[in-house]
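First comes the structure, then the notes that go with it.
Numbering (the numbering used here), first residue to last: 157 to 239.
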């Protein structure tokens, strides 16, 4: 194992943990993500390059939620659902 020193993020849910999780995802599921995340890019990748995984997770409904913190600052979240 390599040391990351100051860059280590204890408890960080990174790419490898996400990919391990995705091996177990079956409908029904709900994913919440910021549009800053790469979840939609990941789903596009799975659709193109991982047909067996896409059979499990494809066909979801995407709900976009726009929220405002104040008059100048807002953000967008994704909710992916499949039942």
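Note that the Cβ used here is the ideal one computed from N, Cα and C, for glycine as well.
Paired residues, beta bridge with residue i - DSSP
i: residue 126; result: With the chain covering 157 to 239 only, the question about residue 126 has no answer from this structure.
i: residue 185; result: 238
Three-way DSSP call (helix, strand, coil) for residue i in this model
i: residue 174; result: helix
Contact set for residue i: own chain, Cβ-Cβ below 7 Å, skip 5 residues either direction
i: residue 234; result: 189, 191, 195, 196, 218 and 220
i: residue 239; result: 183 and 184
Span of the alpha helix (DSSP H) around residue i
i: residue 212; result: 207–213
Own chain, CB closer than 6 Å to residue i, minus 5 neighbours either side, in chain order
i: residue 132; result: In the structure as shown, the chain starts at 157 and stops at 239, and residue 132 therefore has no counterpart that could be examined.
8 Å CB neighbourhood of residue i in its chain, flanking five on each side removed
i: residue 223; result: 230, 231, 232 and 233
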